[in-house]
Amino acid sequence: MTLALSAQGLRPLAGCSPTPFIARIREQGDVPERAPEREVLLLSDPAGRPVPLGYRGYLLRQDVSEWNGFQVAYVLAPELHYLAEGDVVRIHPARRELSVLYRRASPSNSLLVTERCDNLRLMCSQPPRKQDDSWLVDELMDLIPLISPETRELGITGGEPGLLGERLILLLEQLKQWLPRTGVHVLTNGRRFSSPDFARAVGRVEHPDLMLGVPLYSDLTEEHDYVVQARGAFDETVRGILNLKRARVRVELRFVIHAQTYARLPMFAEFVSRNLRFVDHVALMGLELMGFAKTNLRLLWVDALDYQRELSEAVRTLDRAGLSTSLYNHQLCTLPAELHAFARRSISDWKNTYADECGGCQKRDMCGGFFASSSLRRSRGIRPFLG
Ligand code: SF4
Numbered sequence: 001m002t003l004a005l006s007a008q009g010l011r012p013l014a015g016c017s018p019t020p021f022i023a024r025i026r027e028q029g030d031v032p033e034r035a036p037e038r039e040v041l042l043l044s045d046p047a048g049r050p051v052p053l054g055y056r057g058y059l060l061r062q063d064v065s066e067w068n069g070f071q072v073a074y075v076l077a078p079e080l081h082y083l084a085e086g087d088v089v090r091i092h093p094a095r096r097e098l099s100v101l102y103r104r105a106s107p108s109n110s111l112l113v114t115e116r117c118d119n120l121r122l123m124c125s126q127p128p129r130k131q132d133d134s135w136l137v138d139e140l141m142d143l144i145p146l147i148s149p150e151t152r153e154l155g156i157t158g159g160e161p162g163l164l165g166e167r168l169i170l171l172l173e174q175l176k177q178w179l180p181r182t183g184v185h186v187l188t189n190g191r192r193f194s195s196p197d198f199a200r201a202v203g204r205v206e207h208p209d210l211m212l213g214v215p216l217y218s219d220l221t222e223e224h225d226y227v228v229q230a231r232g233a234f235d236e237t238v239r240g241i242l243n244l245k246r247a248r249v250r251v252e253l254r255f256v257i258h259a260q261t262y263a264r265l266p267m268f269a270e271f272v273s274r275n276l277r278f279v280d281h282v283a284l285m286g287l288e289l290m291g292f293a294k295t296n297l298r299l300l301w302v303d304a305l306d307y308q309r310e311l312s313e314a315v316r317t318l319d320r321a322g323l324s325t326s327l328y329n330h331q332l333c334t335l336p337a338e339l340h341a342f343a344r345r346s347i348s349d350w351k352n353t354y355a356d357e358c359g360g361c362q363k364r365d366m367c368g369g370f371f372a373s374s375s376l377r378r379s380r381g382i383r384p385f386l387g
């Protein structure tokens, strides 16, 4: 989940300051836990009991006719009633807006660190913006101590996190300090790590469970550079991968399959198994129809049924080379049976859907289903597995 799901769902009552702030939600407890200025109390039945004092604010699931004017309170719109203990939100009273930054119950929280990027991928799901958004990292430094230490994994996304330079290192250190048991997965184009010093700085953090996911879209320089629309990107990305591995940082290669890349899947797998055999994981990924991928749909769309041969060959090559290999974002019914063992349920819970055909499918529990955006185009191979 995340990337700030905003809702114009707040009605401030008396006492609200216009300044935005972030806070962790509590539903139980009479007094704030650790940081009163960073906690809000969520009340389902505000009229029914005395309100404990000391919170930064109060979120009310029900409207009230009278409220103690000394305490800051906001009435939540019904679409925000799912909020629960441990979630972290940004409240913007002047805009009557609440953004969800972290959901404790979600297995797929991501932290957006910047919207700037030095690539312009044909299929970028979050097209870059140019403005200074360094406030995002300032806010994340405050957010991280509020996240549950039991969180299994956090994603770091952009834009391009590598553009943060030294601030990315500070962010990783903050994650290590506050969430030492939480795996961190950074999505990066890898180019900035062509600087050995920067790659070594990431290694020196010695985060106990860090993986950098780096996309490589071809074994050919010109094809990768075309997909990311940046000359010289292939060379920088490959040097970045080598530097990261030298610095003992775990690296996952990510290859997005579409009409401009699928034909070279077998050659890409050969290239990786010969030259990058030391990477920790290879993910071969179906296309998410968001952002530029939607705009460039005619250029990019290819049915998974039409690249089964190339995909099978690539997976066999990677697997034979001993590389840990996964297929992301593919429906099982569009894959040959020999690939089912490699398919993962990879789509984040908040954008995962199933089609009508999936209702009676016996493999539904093993199948990752669809992106919500897939309604634009679906494989002609969607058929339930029946007994
Ligand atoms: S019918 Fe639906 S649940 Fe079954 S394999 Fe296909 S996409 Fe998955």
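The working numbering numbers the first residue of the sequence shown as 1 and each following residue consecutively. Even glycine gets a Cβ: it sits at the ideal position worked out from N, Cα and C. Just so you know, these numbers come straight off a predicted model, no measurement behind them.
Whole-number beta carbon distance between residue j and residue i, since they are thought to touch under 8 Å
i           : j           : result
residue 279 : residue 318 : The pair is not a contact, with the Cβ atoms about 10 Å apart (cut-off 8 Å).
residue 27  : residue 79  : The Cβ separation is near 18 Å, so there is no contact.
residue 217 : residue 261 : 5 Å
residue 189 : residue 228 : 7 Å
residue 113 : residue 164 : 6 Å
residue 240 : residue 193 : 3 Å
residue 288 : residue 342 : Contact doesn't hold; Cβ gap of about 19 Å is too wide.
residue 181 : residue 149 : 6 Å
residue 344 : residue 326 : 5 Å
residue 88  : residue 24  : 5 Å
residue 219 : residue 268 : 5 Å
residue 277 : residue 321 : 6 Å
residue 116 : residue 159 : 5 Å
residue 111 : residue 151 : Their Cβ separation, rounded to whole angstroms, is 11 Å, which puts residue 111 and residue 151 out of contact at 8 Å.
Span separating the alpha-carbon of residue i from that of residue j
i           : j           : result
residue 366 : residue 37  : 43 Å
residue 71  : residue 64  : 14 Å
residue 92  : residue 77  : 14 Å
residue 258 : residue 302 : 6 Å
residue 368 : residue 237 : 29 Å
residue 50  : residue 83  : 21 Å
residue 104 : residue 22  : 15 Å
residue 59  : residue 73  : 6 Å
residue 265 : residue 296 : 21 Å
residue 396 : residue 56  : An answer regarding residue 396 cannot be provided, because it is not within the stretch 1 to 387 covered by the chain.
residue 221 : residue 122 : 16 Å
residue 309 : residue 133 : 44 Å
residue 356 : residue 242 : 45 Å
residue 45  : residue 96  : 21 Å
residue 136 : residue 250 : 25 Å
residue 246 : residue 210 : 15 Å
residue 118 : residue 230 : 8 Å
residue 101 : residue 387 : 42 Å
residue 273 : residue 94  : 55 Å
residue 1   : residue 335 : Only weak support is given to the placement of residue 1: the predicted model assigns it a pLDDT of 32, under 50, and the question is left unresolved by the model.
residue 283 : residue 353 : 21 Å
residue 43  : residue 61  : 6 Å
residue 147 : residue 223 : 40 Å
residue 157 : residue 376 : 25 Å
residue 212 : residue 126 : 18 Å
residue 66  : residue 47  : 9 Å
residue 299 : residue 330 : 19 Å
residue 226 : residue 120 : 10 Å
residue 145 : residue 138 : 13 Å
Simplified DSSP assignment, three categories, for residue i
i           : result
residue 6   : For residue 6, the pLDDT reaches just 46, beneath the cut-off of 50, and the residue's location in the model is therefore unreliable, although a value from the coordinates is still provided. Strand, per DSSP.
residue 366 : helix
residue 290 : coil
residue 385 : coil
residue 213 : strand
residue 220 : coil
residue 58  : strand
residue 335 : coil
residue 23  : strand
residue 171 : helix
residue 155 : strand
residue 43  : strand
residue 230 : coil
residue 355 : coil
residue 379 : coil
Closer than 7 Å: residue i CB and nearest the ligand GDP heavy atom
i           : result
residue 272 : The model on display carries the ligand SF4 but not the ligand GDP.
Below-8 Å beta-carbon distance, residue i vs any chain D residue
i           : result
residue 286 : Protein chains in the displayed structure number just one, and chain D is not present.
Enumerated in chain order, which unbroken segments of the beta strand (DSSP E) with a length of 3 residues or greater are wholly contained in the region 232-260? 250-256
Ignoring anything shorter than 3 residues or poking outside the region 256-333, list the beta strand (DSSP E) runs there in chain order. Taking 3 residues as the shortest admissible run, the region 256-333 contains the following complete beta strand (DSSP E) segments, listed from N- to C-terminal end: 281-285 and 325-328.
Quick check for students: name the residue ranges of the alpha helix (DSSP H) that lie wholly in the region 177-207, counting only runs of 4 or more. 196-205
Pick out the complete beta strand (DSSP E) segments inside the region 63-144, 3 residues or longer, and give them in chain order. 73-76, 88-92, 97-102 and 109-112
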